[in-house]
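A short write-up of the structure that comes next.
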Amino acid sequence: MKLIQEVSPMTPISTVCKTVTWRAVQLLSCIALFAVFLLVDWRGPSLQFQSWIGETESATTDAGVHSRAQHSFGSENVQLERDYLFLHNWSDDELLQRAEEMELQLQLQGEGAPSSISDHDSATDKLNGGARGMPSKIAFLFLTTTGLALEPLWRRFFQGHEGLYNLYVHSDPSWLRYHGSHRNLGMFWGRTVPSAVTHRSDPDVVAAERRLIANALQDDRSNEWFVLVSDTCIPLLSFGSMYLRLNATSSSFIDCGKGAPGPMMMSRYRARGDQAMLPEVPFSEFRLGLQFFAIRRRHAVMVIRDRKYWPKFNQPCVRPACYPDEHYIQTVIGNLDEPACQGTPTFVSWNGSKGGHPQSFGREDITPNLIQALQASQNGRFLFARKFKRDALEPLLALDDLLFDRSNP
1 MKLIQEVSPM TPISTVCKTV TWRAVQLLSC IALFAVFLLV DWRGPSLQFQ
51 SWIGETESAT TDAGVHSRAQ HSFGSENVQL ERDYLFLHNW SDDELLQRAE
101 EMELQLQLQG EGAPSSISDH DSATDKLNGG ARGMPSKIAF LFLTTTGLAL
151 EPLWRRFFQG HEGLYNLYVH SDPSWLRYHG SHRNLGMFWG RTVPSAVTHR
201 SDPDVVAAER RLIANALQDD RSNEWFVLVS DTCIPLLSFG SMYLRLNATS
251 SSFIDCGKGA PGPMMMSRYR ARGDQAMLPE VPFSEFRLGL QFFAIRRRHA
301 VMVIRDRKYW PKFNQPCVRP ACYPDEHYIQ TVIGNLDEPA CQGTPTFVSW
351 NGSKGGHPQS FGREDITPNL IQALQASQNG RFLFARKFKR DALEPLLALD
401 DLLFDRSNP
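The UniProt record's numbering applies: residue 1 is where the sequence shown begins, and numbers increase by one.
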């Protein structure tokens, strides 16, 4: 109405055109600003316009598709360098395809993973920069439905080892929308991948794992290890010790066993229907293992390239004994590279378990004796332990010298 009132019959045509043009520009600007508000992730910049990043495609491929910025965390007033993930709205199929294409491109270029163990490259070489000047990185894949209450402990674990790891977080979209600020996520703020809702004992948990793996593969060619952890996990040794131990082997840390023959395994196999897994997945190929793993890049590629097993495991569960997260990736790697399966890297106790959940450790449980017992369990083979409650944070921080073995950083 205002536009019509400003234009009288005596107004020159040029003035009318200018007025209309100006009003149109204002309207389009308002629409654009509103669109930006809807698209930008106010939970933390895990969603950012790619045009904002002034890096070339080759540079982002070499170093990971991240932009740099500075952010101050709360009252601590500590300036931490932030890594922001790119915006993408790819479907899972497109994401997996892009990750596959990147891996194929690396193979055609003769590069492969920058840090695969060879006779000429020691684990110490990798920690100091590698023979080719491009150190391998550990991609930590955090699978959670809420925040990361143990973030201060993880921050101490990662401190001083920038350039040797990347962080990726998959969380519940609703929680992220309303609670995913930097105050709740800390150093994990801005590290969320496009996420979807997950449910226990449902294929969408495995879909989230594949989503994390594919994002990490596509993001940084230096990611050599893909480590799945949860918000209740803690590291049992220093980052340096863990890095050396991982890179001292060409195998992966994952359970790929066939399980004890009996009704339990058969009930899980038939959880989607008596014949649902056939013919692609006969019972003889059905594997069992704990959910959490640390797998090498070649095994991560096996998972995203899989077309045989995933359609079967992605079927809806019709019986309660399903647990695809304890079978799918284990079945893929167990059948394609069984000798490489060296067992789970994560300690868990089933003493006093409730409702199918393992034992949880709270404030009153955290003692030096507990930490030492976890570190020594099964000849010290575990890298992580779970499940730890929120109230365990303070006593864990008080024991960080013991936990991270400051004498061997």
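Beta carbons are placed, not taken as given, at the ideal position from N, Cα and C, and that holds for glycine. What you are looking at is a predicted structure, and each value in this text was computed from that prediction instead of being measured.
| Item | Value |
| --- | --- |
| Which residues mark the beginning and the end of the alpha helix (DSSP H) in which Val206 is found? | Pro203 to Asp219 |
| Note down, in chain order, each residue of its chain lying with its Cβ closer than 8 Å to the Cβ of Leu393, except the 5 sequence neighbours on either side. | Ala149, Leu150, Pro152 and Leu153 |
| Does the beta-carbon of Ser222 have 16 or more other beta-carbons within 10 angstroms, so that it is buried, or is it exposed? | buried |
| Tell me which residues share the same chain as Ala271 and place their Cβ nearer than 6 Å to its Cβ, disregarding the 5 neighbours each side in the sequence. | Cys317, Arg319, Ala321 and Cys322 |
| From this set, Thr145, Gly110, Ala24 and Leu217, which residue's C-alpha is nearest Leu95's C-alpha? | Leu217 |
| Decide if Leu27 is buried, meaning its Cβ has at least 16 other Cβ atoms within 10 Å, or exposed. | exposed |
| Tell me the rounded alpha-carbon separation between Asp92 and Tyr165. | 24 Å |
| Would Leu108 be called buried (16 or more neighbouring beta carbons within 10 Å of its own) or exposed? | exposed |
| With a threshold of 8 Å, are at least 3 pairs of Cβ atoms found where one atom belongs to the stretch 132 to 143 and the other to the stretch 370 to 389? | no |
| Would Cys256 pass as a contact of Cys341 if the rule is Cβ separation under 7 Å? | yes |
| Mapping the DSSP letters down to three states, classify Glu151 as helix, strand or coil. | helix |
| Would you call Ala235 buried or exposed, if buried means 16 or more other Cβ atoms sit within 10 Å of its Cβ? | Looking at the sequence provided, one finds Pro at residue 235 rather than Ala. It is buried - the Cβ of Pro235 has at least 16 other Cβ atoms within 10 Å. |
| Could you check if Gly160 is buried or exposed, using at least 16 other CB atoms within 10 Å of its CB as the buried criterion? | exposed |
| How do the stretch 354 to 369 and the stretch 275 to 291 stand: do at least 3 beta-carbon pairs fall below 8 Å, yes or no? | no |
| Do you know whose CA, among Ser241, Phe239, Asp325 and Arg305, lies nearest Phe313's CA? | Asp325 |
| Since I believe His170 is in contact with Gly147 (beta carbons under 8 Å), could you give me their beta-carbon distance rounded to a whole number of angstroms? | Rounded, the Cβ-Cβ distance is 13 Å, inconsistent with contact. |
| What does a CB cutoff of less than 6 Å around Leu157 pick up in its chain, not counting 5 residues either side in sequence? | The amino acid occupying residue 157 in the given sequence is Phe; Leu does not appear at that position. If we look at Phe157 and ignore the five residues flanking it on each side, its Cβ neighbours are Pro235 and Phe239. |
| Which value, in whole angstroms, describes the spacing of the CA atoms of Gln378 and Trp350? | 15 Å |
| By DSSP's criteria, Ala139 is part of a beta bridge. Which residues make up the other side? | Asn166 and Phe226 |
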